[in-house]
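Residue numbers (our numbering), protein chains in the order written: chain U, 30 to 425; chain P, 630 to 839.
Positions of the beta carbon are idealized from the N, C-alpha and C atoms, including for glycine.
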Amino acid sequence: MKVSRRDLLTGAAGVMALGKTAMAQAPTDPTKVRGKPSRALGQRAPTEKPLRQPRGATSSGTPHQDLYGTITPADLHFERHHGGVPEIDPKAYSLLIHGMVERPMVFTLADLKRFPAVSRVHFLECSGNFGGRGTATDLTPQQIAGLTSTSEWTGVPLATLFREVGASPKATWFLAEGQDAAVLTRSVPMSKAYDDALIAYGQNGEAIRPEQGYPARLFLPGWEGNASVKWLRRIEISDRPFMTREETSKYTDPMADGTARLFSFLMDARSLITYPAYPVTLTRGWVEINGIAWTGSGKIQRVDVSTDGGATWTPAKLQEPVLSKAHTRFRHLWDWTGGEAVIMSRAVDETGYAQPTKDVLIASRGTSSVGYHTNPITGWQIRSDGTVIFRPEPWA
Amino acid sequence: MTITHRLIAVAVLSLTPVAALAQPPSAAGSGAPRTTAPPPKAPATFGIGRPATPAEIAALDIDIGPDGAGLPPGRGTAADGAPIYAARCASCHGKTGKEGPNDVLVGRLPGDAFPFAKDPRAPKTIGSYWPYATTVFDYIRRAMPPDKPGSLRDDEVYNLVAFLLASNELIPQDAVVDAASLPKVKMPARDHFVPDTRGTPKASNRPKGQ
Chain U
30 MKVSRRDLLT GAAGVMALGK TAMAQAPTDP TKVRGKPSRA LGQRAPTEKP
80 LRQPRGATSS GTPHQDLYGT ITPADLHFER HHGGVPEIDP KAYSLLIHGM
130 VERPMVFTLA DLKRFPAVSR VHFLECSGNF GGRGTATDLT PQQIAGLTST
180 SEWTGVPLAT LFREVGASPK ATWFLAEGQD AAVLTRSVPM SKAYDDALIA
230 YGQNGEAIRP EQGYPARLFL PGWEGNASVK WLRRIEISDR PFMTREETSK
280 YTDPMADGTA RLFSFLMDAR SLITYPAYPV TLTRGWVEIN GIAWTGSGKI
330 QRVDVSTDGG ATWTPAKLQE PVLSKAHTRF RHLWDWTGGE AVIMSRAVDE
380 TGYAQPTKDV LIASRGTSSV GYHTNPITGW QIRSDGTVIF RPEPWA
Chain P
630 MTITHRLIAV AVLSLTPVAA LAQPPSAAGS GAPRTTAPPP KAPATFGIGR
680 PATPAEIAAL DIDIGPDGAG LPPGRGTAAD GAPIYAARCA SCHGKTGKEG
730 PNDVLVGRLP GDAFPFAKDP RAPKTIGSYW PYATTVFDYI RRAMPPDKPG
780 SLRDDEVYNL VAFLLASNEL IPQDAVVDAA SLPKVKMPAR DHFVPDTRGT
830 PKASNRPKGQ
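What follows is the structure in structure tokens.
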């Protein structure tokens with residue numbers, strides 16, 4: 030799942046080559062050349078080529094260092110899949126809900142769209158979203174935390190569908206099953222369905238992208254991405270969890286006390302400075318340090334920024350509106366007068382939970398947790414020549 | 630006022646309905662148009678969708694519970710599983726299940742230790758980490774092998790499960806695996822698994838745990 034430097038450099042060279050070509054075609058004075066006509070499908074400026082970064086064939090990360098604000102363009106939303114991205118005919122698609130229900134039912138995509146819908150802005154994060162475990166310093170925000178993205182999701186509340194089928198009040202869990210080659214399954218507590226779970230078919234105003242579960246997916250705000258089963262084909266309502274492979278042999282958390290956590294759904298608060306960050310080179314003067322913070326527990330309450338390696342902290346400005354379970358942009362003015370510095374951010378959410386240090390995580394989880402739910406305070410080192418590198422904190 | 634501002638002002642005026650301008654202020658004094666009825670309450674059900682037939686439920690209902698619920702008829706043994714494993718699985722998981730390159734499936738740790746938080750080399754095999762034997766059947770049948778997922782017949786899956794459990798010394802080499810015996814296989818790691826200890830995300834009861 031690692032990205033080699035060569036992959037990165039090759040990608041960067043490709044972007045530069047495209048940019049040069051496009052720039053060569055741009056007129057010196059655009060006011061003296063008639064512009065292009067209207068067209069059916071918009072495109073990015075040819076000089077802008079933000080790219081996801083595939084890690085093997087099963088995931089790719091969002092280029093946080095290239096983005097502004099909080100919404101992730103749908104074609105840059107991270108991917109993680111366990112059997113490839115399936116191609117599903119929306120006309121043939123259906124969702125079966127059965128088990129502890131009064132009326133087992135089948136819903137077509139058109140059926141799902143007839144129900145009253147809601148749109149909500151939420152982040153989605155893979156619980157394996159941490160790429161800073163080794164000693165490498167040439168890591169971008171994309172490589173550190175590319176497996177989180179924020180979209181406006183539109184769909185039908187799962188509670189509405191559960192009322193439609195007459196879900197038993199005695200039910201405690203449901204199984205969600207995908208229509209991909211992994212036929213991926215996860216067990217989810219019924220309480221989440223009655224809280225804020227959605228069956229989503231819209232992403233940032235258009236149909237969900239294939240990589241995000243087209244034509245319809247489960248969406249569990251604030252919970253680890255794996256449980257928000259994509260390409261959803263079936264829900265079975267039950268009174269016990271199913272102990273699928275993904276929730277037992279994977280996506281469990283060995284703890285320092287010799288136990289392992291099952292069903293650790295919640296994504297805890299985390300923040301990451303996305304500018305300045307590797308591979309940026311700073312010039313002296315005022316810098317607006319900024320980045321993203323998010324928590325599965327609700328709203329970000331505060332993000333503190335340090336420019337002296339954690340000795341002192343100052344609250345950053347939070348970009349309004351601060352939305353629940355969504356990326357929140359934070360900004361902090363800093364006059365870099367030269368010299369070495371380490372900049373860091375730490376998020377505090379509305380429950381009072383504070384983003385932990387690496388050492389706090391190790392005390393709880395041990396040194397070799399495979400990396401699920403790894404949300405440490407992360408630093409960037411500014412060197413005296415203005416180059417910015419990731420500040421590694423080796424875990425072993 | 631710049632030209633641009635004037636243009637906007639003209640546009641806004643021209644879009645304002647004349648009737649709205651002529652309307653007298655309401656009792657509330659807001660001047661906003663009044664509604665005449667509250668929105669309808671949502672019904673208990675919307676009558677959208679159709680009943681599922683038993684046949685279409687049966688066609689999709691492939692999950693296996695930890696109690697063995699859903700296990701199909703059939704049986705398997707390690708001896709019959711070995712050639713299937715060699716043909717369909719060994720190229721990814723290694724000749725004996727220990728070699729990789731993909732997930733290591735076979736191997737126990739001395740004393741069935743559970744050092745996974747501290748020892749990065751300890752492999753999470755079926756014998757060392759998987760808490761339920763039923764999961765092996767469920768996962769192989771639904772997702773394996775990746776080059777032809779879902780292609781194994783139930784008896785082939787039983788044979789593979791028997792081969793993997795026997796290789797992990799979880800059942801005798803000559804044991805028969807079927808719907809009755811599989812849920813009874815004791816998995817060494819089972820008792821190490823605990824529910825999430827971080828608590829629910831409410832300020833009132835959120836523990837400090839990580």
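- In the three-state scheme derived from DSSP, where H, G and I count as helix and E and B as strand, Ala210/U is classed as coil.
- As summarised for the region 122-195 of chain U, the continuous alpha helix (DSSP H) elements at least 4 residues long and confined to that stretch are 138-143, 170-174, 187-194, given in chain order.
- Of the candidates Gly325/U, Glu422/U, Tyr243/U, the residue whose Cα lies closest to the Cα of Asp388/U is Glu422/U.
- Residues of the region 260-274 of chain U with a C-beta atom less than 9 Å from some C-beta of chain P are Arg262, Arg263, Glu265, Ser267, Arg269, Pro270, Phe271, Met272, Thr273, Arg274, listed in chain order.
- Taking a C-beta distance under 7 Å as the contact criterion, Ile302/U and Ile372/U qualify as a contact pair.
- Excluding sequence positions up to five before and after Gln208/U, its CB lies within less than 7 Å of the CB of Pro115, Ile117, Trp260, Arg262, all in the same chain and listed in chain order.
- Each of Gly112/U, Glu369/U, Gly160/U, Lys328/U was checked against the Cα of Thr380/U, and the nearest Cα belongs to Lys328/U.
- Residues of chain U whose Cβ lies closer than 7 Å to the Cβ of Thr826/P are, in chain order, Arg290.
- For Leu789/P against Leu700/P, the beta-carbon gap comes to about 14 Å, at or over 8 Å, which does not count as contact.
- Phe159/U is not a Cβ neighbour of Gly325/U, given a cutoff of 7 Å.
- Excluding sequence positions up to five before and after Pro119/U, its CB lies within less than 6 Å of the CB of Leu138, Pro244, all in the same chain and listed in chain order.
- For Leu689/P, at least one C-beta of chain U is nearer than 7 Å to its own C-beta.
- When C-beta distances to chain U are compared with 9 Å, the residues of the region 722-739 of chain P below that value are Asp732, in chain order.
- In its chain, beyond the 5 residues on either side, Pro774 have a beta carbon closer than 6 Å to the beta carbon of Arg717/P.
- Closer than 7 Å to the CB of Gly395/U there is at least one CB belonging to chain P.
- Contacts with chain U at 7 Å (Cβ-Cβ) do not include Lys813/P.
- For Arg109/U, the closest alpha carbon among the candidates Arg420/U, Thr343/U, Cys155/U is that of Cys155/U.
- Excluding the 5 residues flanking it on each side, Ala188/U has same chain C-beta neighbours closer than 7 Å at Ala222, Tyr223, in chain order.
- A Cβ-Cβ separation of about 4 Å places Gly678/P in contact with Phe136/U under the 8 Å criterion.
- Under a criterion of Cβ atoms nearer than 7 Å, no residue of chain U is adjacent to Gln802/P; the nearest Cβ is some 23 Å distant.
- Contacts with chain P (Cβ-Cβ distance below 7 Å) from the region 111-142 of chain U involve Gly112, Leu125, His127, Arg132, Pro133, Met134, Val135, Phe136, Asp140, listed in chain order.
- Secondary structure at Lys346/U: strand, using DSSP grouped into helix, strand and coil.
- Thr763/P carries a helical assignment under DSSP once its states are collapsed to helix, strand and coil.
- Within the region 207-228 of chain U, contact with chain P at the beta-carbon level (separation under 7 Å) is assigned to Ala210, Ala211, Val212, Thr214.
- Excluding residues up to 5 positions away in sequence, Glu785, Asn788, Leu789 lie with their Cβ nearer than 6 Å to the Cβ of Ile713/P in the same chain.
- Look at Ile769/P: its C-beta is not under 7 Å from any C-beta on chain U.
- The DSSP-derived three-state label of Gln82/U is strand.
- Chain U places no beta carbon closer than 7 Å to that of Pro712/P, leaving this residue out of the contacts.
- Of all residues in the region 343-357 of chain U, none comes within less than 7 Å of chain P when Cβ atoms are compared.
- Beta-bridge pairing by DSSP links Pro824/P to Leu291/U.
- Straight across, the Cα-Cα distance linking Pro801/P with Tyr304/U is about 59 Å.
- If you look at Gly710/P, you'll find it in the alpha helix (DSSP H) that goes 707-717.
- In terms of Cα proximity to Pro350/U, the closest of Arg84/U, Leu125/U, Thr99/U, Ala165/U is Thr99/U.
- The bridge partners DSSP lists for Ser374/U are Val334/U, Thr407/U.
- DSSP places Phe107/U outside any beta strand (DSSP E), giving it a letter other than H or E.
- According to the DSSP assignment, Tyr787/P belongs to the alpha helix (DSSP H) that extends over 783-796.
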